[in-house]
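Take a look at the structure set out below.
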Amino acid sequence: MNEWDERFERVLVKICENENTEAIWLDLLSQLEFAGCRKIVKGVPFERVDVEVLNHVMEEASHAFLLKTLVEKSHLPAKQAWEKNPLSELGWTYFQTLDQGVSKMQKGTLPYPAVSWIVEQRVLDIYPRYLQHTRNLGVKRVVQRILAQEKRHSALFGDERFSEDFKRRAIDWEAGLWADFVSGLERWLTPAMAEWERSRTNTARVL
Ligand SMILES: [Fe+2]
Ligand SMILES: [Fe+2]
């Protein structure tokens, strides 16, 4: 594990310790799935849309739906609109900067397979780790279902022939953005965890 893997692991542990932070995290994942879906819809020209592309759009939309449904069931403030999620900007910045950077590296070709390839690398890192830490059985069921589909997507884009040079540059670019994303999560969690600790101590005092 590198430094950022370890830091993300700690972030996940903290997120899963608290229902409220986990709902906000789920809400962010739902947004990122939606961003992925939107990217395919906007990025694939009309004449290139086939059954495989439609299936990918459908599955990414269903991931956003399944995750948002969990948030709606959570009885927590994260039920609110997406723009009010404190992590929205962080997540969209990660996704859009990644998309723009990788698209530039593949100038002159359709960016859809390359962006999908690099995104799936990270997705297959996040979901199994999240699955390990969440204690919510509903979340476990949904994440397992999503993960099975993500593995198929990854195999699909793994078969694309990207050059070694491109893969190395894309992985480096993503790693930098990922470090910013994890730092942002840490910054967000610090006061959130302090607040939670405070309310827990206050409740204990009342009892
Ligand atoms: Fe997905
Ligand atoms: Fe996917």
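Per our numbering, the very first residue in the sequence shown carries number 22; after that it's consecutive.
Beta carbons are placed, not taken as given, at the ideal position from N, Cα and C, and that holds for glycine.
Integer Cβ distance of residue i from residue j, believed to fall under 8 Å
i    : j    : result
L168 : K161 : Not quite, the Cβ-Cβ distance comes to about 10 Å (not below 8 Å), so this is no contact.
W103 : Q52  : 5 Å
V32  : L210 : 6 Å
F202 : S137 : At roughly 18 Å, the Cβ-Cβ gap does not stay under 8 Å, so F202 and S137 are not in contact.
K60  : D120 : 6 Å
S109 : E40  : About 19 Å; that fails the 8 Å criterion.
E43  : I36  : 6 Å
E171 : L145 : 6 Å
Residues of its chain near residue i, where Cβ-Cβ distance is below 6 Å and the 5 sequence neighbours each way are ignored
i    : result
W194 : G122
H174 : E141
A56  : F116
L47  : L88, L91 and V92
T118 : L198
R28  : V203
L206 : V32
H84  : E54 and I167
I139 : V123, A191 and E195
Backbone secondary structure at residue i - three-state DSSP
i    : result
P66  : coil
N39  : coil
R182 : coil
N23  : coil
D71  : coil
Min CB distance residue i to chain D below 8 Å
i    : result
R143 : The question asks about chain D, but that chain is absent: this structure has only one protein chain.
Contacting residues, own chain, Cβ-Cβ under 8 Å from residue i (five flanking each side not counted)
i    : result
P149 : L168
7 Å Cβ shell around residue i - same chain, five flanking residues per side excluded
i    : result
G112 : L49, Q52 and L53
R190 : M126
G64  : P132 and Y133
I45  : A99, N106, P107 and L108
A82  : C58
A200 : W25
Query raised in the report: What alpha helix (DSSP H) runs, 4 residues minimum, are completely inside the segment 89-169?
Result: 109-126 and 132-154
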